[in-house]
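Q: Protein sequence lines, in the order shown, are assigned to chains A and B. Heads up: the first sequence begins at 483 in our numbering, then just goes up one per residue. Heads up: the second sequence begins at 3 in our numbering, then just goes up one per residue. Glycine included, each C-beta is placed from N, C-alpha and C at the ideal position. Computed from a prediction, not measured in an experiment: that's the story for all the values here.
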Amino acid sequence: MTLAVNISTNDPFQILAPDGSVVGDLPQLSEAELVDILRGMLRVRCIDDRMLKLQRAGRIGFVGSAMGQEATMIGSAVALLPQDWLWSGLREGGAAIMRGLPLDEYVAQMFCNANDTAKGRQMCNHFQHKGSHYPSWSSVIGTQIPHGVGAAFAARQRGLDEVHVIFFGDGASSSNGFHSGLNFAGVWKAPCVFVLVHNGWAISVSSRNQTAANSYSAKGTAYGVEGREVDGNCALACYQALKEATDSARRGAGPQLVVLNTYRMGGHSSSDDPSKYRDEAEVDEWRDKDPIERMTRFLEARGSLAAGAVDELRDELFMELDTVIRTQEAAPRMSWRTLVEDVYADVPPHLRQQYNQFLITQEKYGEASPSDGAFPL
Amino acid sequence: MALLTLLQAINDGLRNALQDDPSVLVFGQDVGPKGGVFLATENLTSEFGEARCFDTPLSEDGIIGAAIGMAMNGLKPVAEIQFQDFIFPAFDQIVSEAAKLRYRSGGQYTAPMVIRTPYGGGIRGGLYHSQSGEAYFCHTPGLKVVVPSTPHDAKGLLMASIADPDPVLFLEPKALYRSLKGEVPSGSYSVDLSTLRTAREGGDVTVFCYGAMVPVALKAADQAAEKGIEVCVVDLRTLLPLDEEGVLDAAKRTGRVVILHEAPRFCGYGAELSALIAENAIEYIEAPIKRVTGFDTPFPNTLEHHYLPDERRVLDAIETTHAF
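1) Just the Cα atoms here: how many angstroms apart are residue 602 (chain A) and residue 37 (chain B)?
2) Is residue 95 (chain B) close to chain A, meaning its C-beta is less than 9 Å from at least one C-beta of that chain?
3) For residue 752 (chain A), does the three-state DSSP call read helix, strand or coil?
4) Look up residue 232 (chain B) in the DSSP assignment and say whether it is helix, strand or coil.
5) Assuming residue 57 (chain B) and residue 31 (chain B) make a contact with CB atoms under 8 Å, what is their CB distance in whole Å?
6) List, in chain order, every chain A residue whose beta-carbon is nearer than 8 Å to that of residue 35 (chain B).
7) Can you look up residue 793 (chain A) in the DSSP assignment and give me helix, strand or coil?
8) Suppose contacts are defined by Cβ-Cβ distances below 9 Å. Is residue 156 (chain B) in contact with residue 11 (chain B) by that definition?
9) When Cβ atoms are compared, which residues of the region 808-826 of chain A fall closer than 7 Å to chain D?
10) Leaving aside the five residues before and after residue 589 (chain A) along the sequence, list all residues of the same chain whose C-beta is less than 7 Å from its C-beta, in chain order.
11) Throw me the rounded Cβ distance for the residue 188 (chain B) and residue 165 (chain B) pair, which I believe falls under 8 Å.
12) Determine the chain A residues that contact residue 111 (chain B) at a beta-carbon separation under 9 Å, and present them in chain order.
13) What's the C-alpha gap between residue 94 (chain B) and residue 841 (chain A)?
14) Whose Cβ in chain B lies nearer than 7 Å to the Cβ of residue 662 (chain A)?
15) With 9 Å set as the bound, which would you pick, yes or no: does the beta-carbon of residue 102 (chain B) sit closer than that to a beta-carbon of chain A?
16) Distance, Cα to Cα, residue 158 (chain B) vs residue 672 (chain A)?
17) Please report whether the beta-carbon of residue 634 (chain A) lies at a distance below 9 Å from any beta-carbon of chain B.
18) With which residues is residue 743 (chain A) paired in a DSSP beta bridge?
19) Which of helix, strand or coil does DSSP assign to residue 270 (chain B)?
20) If we ignore side chains and look at the alpha-carbon of each, how far apart do residue 635 (chain A) and residue 740 (chain A) end up?
21) So for residue 254 (chain B), helix, strand or coil by DSSP?
22) Using only alpha-carbon positions, find the residue among B:313, B:125, B:29, B:264 that is nearest to residue 46 (chain B).
23) Is it true that the CB of residue 561 (chain A) sits closer than 9 Å to the CB of residue 722 (chain A)?
24) Assign residue 129 (chain B) to one of three DSSP states: helix, strand, or coil.
25) May I ask you to report which of helix, strand or coil DSSP gives residue 868 (chain A)?
26) If we define contact as Cβ-Cβ less than 9 Å, is residue 47 (chain B) a contact residue for chain A?
27) Kindly examine the ligand PLP and report whether one of its heavy atoms sits closer than 8 Å to the Cβ of residue 129 (chain B).
28) Rounded to a whole number of angstroms, what is the C-alpha to C-alpha distance between residue 709 (chain A) and residue 212 (chain B)?
29) What would DSSP say about residue 57 (chain B), mapped onto helix, strand or coil?
30) Express the C-alpha separation of residue 248 (chain B) and residue 831 (chain A) in angstroms, rounding to a whole number.
31) When the distance is taken between beta carbons, is residue 772 (chain A) closer than 9 Å to residue 500 (chain A)?
32) Taking a Cβ distance cut-off of 7 Å, strictly less, list which residues of the region 143-173 of chain B are near chain A, in chain order.
33) Quick one: residues in its chain with C-beta nearer than 8 Å to the C-beta of residue 252 (chain B), no 5 flanking neighbours on either side, listed in chain order?
34) Can you tell me where the beta strand (DSSP E) holding residue 211 (chain B) begins and where it ends?
35) Return yes when the Cβ of residue 214 (chain B) is within less than 9 Å of the Cβ of residue 176 (chain B), no when it is not.
36) One question on the structure: do residue 180 (chain B) and residue 306 (chain B) come within less than 9 Å of each other, judged by their Cβ atoms?
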């Protein structure tokens with residue numbers, strides 16, 4: 483069995499130790515903001531719980547669980563300003579919710595139903611939210627990295643006060659997009675931040691087999707992009723590191739590579755069985771560093787959270803979520819016309835013809851509904 | 003109107019676009035102060051500054067990936083890939099990202115951008131400075147693929163591509179860059195991206211072609227006329243989406259069809275044209291549809307003039323089709 487994490491994390495930046503004790507300078511966050519971070523992380527875990535159950539029951543197709551990584555996305559999301567963009571990978575949906583993606587849109591995307599803003603075209607776990615500047619990823623690893631760099635370049639060119647925060651995993655650090663993205667951003671001093679979520683695994687390939695570099699943060703050095711190692715299970719460290727990196731990019735000092743060291747507690751996805759390639763002892767070791775328990779202990783110790791309040795919080799989140807799931811599961815399918823729409827700004831003649839021909843066949847079987855009507859030619 | 007080469011017309015189109023729209027950017031390898039290896043972007047950096055026309059690091063994947071992000075955030079990138087042969091590192095960004103962004107986001111995000119790149123043979127460039135790779139891209143829904151063949155169309159199609167809301171691959175026939183001149187209006191204008199052009203009228207045989215093969219077809223048509231065969235030459239201009247109605251009309255008018263391109267034959271663009279005509283106009287067709295193409299080989303170097311279809315091979319196909 484392979485162990486994932488033996489590559490150096492260079493004494494990562496940490497504010498809360500695993501037992502919740504404070505070992506660094508606390509960021510300037512209000513009590514309400516601190517509790518909000520806990521609530522955000524809990525929500526991600528509640529969603530994962532429900533989605534995995536729905537998937538096992540065959541009611542949704544696919545889940546990429548974020549279990550264990552909640553601090554990376556929630557701590558980071560809180561550090562961004564509303565105008566900033568977050569370029570995502572598979573597991574950052576919780577960050578989108580934290581920044582404004584409505585829960586019903588999130589769940590609609592998991593059901594790929596008629597309420598999905600992407601019109602049911604992408605498989606599950608490909609969220610987007612234009613309102614909070616969160617484009618969806620494609621599934622191809624690392625391609626969003628140069629997109630974020632180009633968009634950051636555009637922001638500066640247009641005089642906009644935006645920082646583009648680009649998430650990806652340790653596997654993506656081997657992709658073309660990582661190298662071209664960091665290189666272009668370094669040359670352009672683009673107002674962006676690279677966030678490498680080092681969760682130990684790219685499906686079944688351990689992070690030690692992904693690179694011969696001494697650390698992931700070292701991979702920025704050759705591109706003139708300063709790297710920083712952070713305890714990715716410490717939500718406050720994630721917040722503070724992203725705050726400093728976005729402030730710096732906003733000032734025009736160029737991009738940083740922030741490595742959030744965490745661990746993927748579940749499989750790569752609902753289709754993956756990690757027992758085939760990794761040692762459960764390593765997973766247990768990380769269970770003791772759980773980001774949610776750490777934040778809970780911290781808040782309880784300072785009196786921000788009453789004993790047992792976290793259970794109430796969890797119940798509330800489940801209740802809210804279950805209501806949304808019931809509504810979204812009942813939503814209808816997308817109109818058939820979406821088969822050929824949004825390929826181009828206008829539906830061109832050949833696609834109209836292809837669709838109309840399809841409709842003639844379906845009508846023979848009485849399966850078309852009025853909203854599926856033919857296109858004028 | 004000025005008499006310009008195709009290359010000058012492209013330079014002129016870029017200049018007009020930069021003047022008209024402050025969100026237009028021109029960039030790529032060596033496109034800045036040098037003005038591009040063919041000089042398509044000559045003087046644009048000095049006229050518009052390095053913020054509008056500039057060099058990038060040498061990474062096609064990075065150029066196109068960054069262009070997509072710029073387009074998603076309000077700019078109008080016109081990226082150059084130095085030779086179409088070098089575009090493949092960016093194939094993923096073009097095919098998986100730019101072409102699919104509107105669709106996969108349900109129309110929430112789009113990538114209106116232009117990728118200019120010189121394609122095709124005729125400059126003794128060997129395997130990697132000569133290819134004609136349009137078929138790879140025409141198999142990609144969401145992309146538009148445009149190929150001009152005259153200076154007038156080069157500028158008008160380029161300006162229309164820059165104004166278009168969807169990503170456009172703009173293939174420039176480098177063999178024609180300096181080989182012909184034509185009247186080009188000095189101001190901004192557009193040539194529609196959804197219509198073909200009849201380059202020559204004729205009632206006996208229809209030749210479909212595009213880009214650098216258009217002058218070859220026209221020469222063959224002149225020679226055919228001397229033998230009493232009147233050839234209609236159709237310049238497709240936009241390969242994707244194709245003006246299917248225009249193609250079918252032109253095929254039906256003569257009932258005899260020759261398809262000409264310099265790319266390899268197998269699964270080439272001509273196969274699609276041939277299938278389109280066979281599916282929709284077979285009752286009008288009097289003779290087998292003929293294709294004149296490059297060989298199904300890599301692009302040669304010293305023998306490129308025999309790889310590329312010339313007027314002899316085109317004339318042979320016209321005569322055979324006519325005599326059937």
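A: Reading off the structure:
1) Roughly 45 Å between the two C-alpha positions.
2) It does; some Cβ of chain A falls within 9 Å.
3) In the structure shown, residue 752 (chain A) falls within a coil segment according to DSSP collapsed to helix, strand and coil.
4) For residue 232 (chain B), the three-state secondary structure derived from DSSP is coil.
5) That pair is a contact at about 7 Å.
6) Within 8 Å of the CB of residue 35 (chain B), no CB atom of chain A is found; the nearest one sits about 16 Å away.
7) Correct three-state label for residue 793 (chain A): helix.
8) Contact flag set, yes.
9) Looking at the structure shown, chain D is missing, and the protein chains on hand are A and B.
10) For residue 589 (chain A), same chain residues with a beta-carbon under 7 Å away, outside a window of 5 residues either side, are 806, 807, 810 in chain order.
11) That belief does not hold up - the Cβ atoms of residue 188 (chain B) and residue 165 (chain B) are roughly 18 Å apart, past 8 Å.
12) Neighbourhood of residue 111 (chain B) in chain A, by CB distance below 9 Å: 610, 612, 617, 618, in chain order.
13) About 32 Å.
14) Identification of chain B residues near residue 662 (chain A) by a Cβ-Cβ cut-off of 7 Å yields 61, 63, 64, 67, ordered along the chain.
15) Answer yes: the Cβ-Cβ gap between residue 102 (chain B) and chain A drops below 9 Å somewhere.
16) One alpha carbon belongs to residue 158 (chain B), the other to residue 672 (chain A), and they sit about 34 Å apart.
17) So, interface residue.
18) In DSSP, residue 743 (chain A) forms a bridge with A:680, A:713.
19) Residue 270 (chain B) falls in the coil class under three-state DSSP.
20) For residue 635 (chain A) and residue 740 (chain A), the distance between alpha carbons rounds to 19 Å.
21) Helix at residue 254 (chain B).
22) If we check each option's Cα against that of residue 46 (chain B), B:29 comes out closest.
23) Less than 9 Å divides the Cβ of residue 722 (chain A) from the Cβ of residue 561 (chain A).
24) Residue state for residue 129 (chain B) is assigned as helix, using DSSP reduced to three classes.
25) There is simply no residue 868 (chain A) to check, as chain A begins at 483 and stops at 859 in what is shown.
26) Chain A contact via Cβ: absent.
27) The ligand PLP is not among the ligands present in this structure, which contains no ligands whatsoever.
28) Their backbone Cα atoms lie some 50 Å apart in a straight line.
29) If DSSP states are grouped into helix, strand and coil, residue 57 (chain B) belongs with the strands.
30) CA-CA distance, residue 831 (chain A) to residue 248 (chain B), rounds to 12 Å.
31) Yes, they are a contact pair.
32) Flagged, chain order: 143, 144, 167, 168.
33) 198, 200, 208, 210, 234, 236, listed in sequence order.
34) Start and end: 207-211.
35) The answer is yes: Cβ separation under 9 Å.
36) Between residue 180 (chain B) and residue 306 (chain B), the CB-CB gap reaches or exceeds 9 Å.
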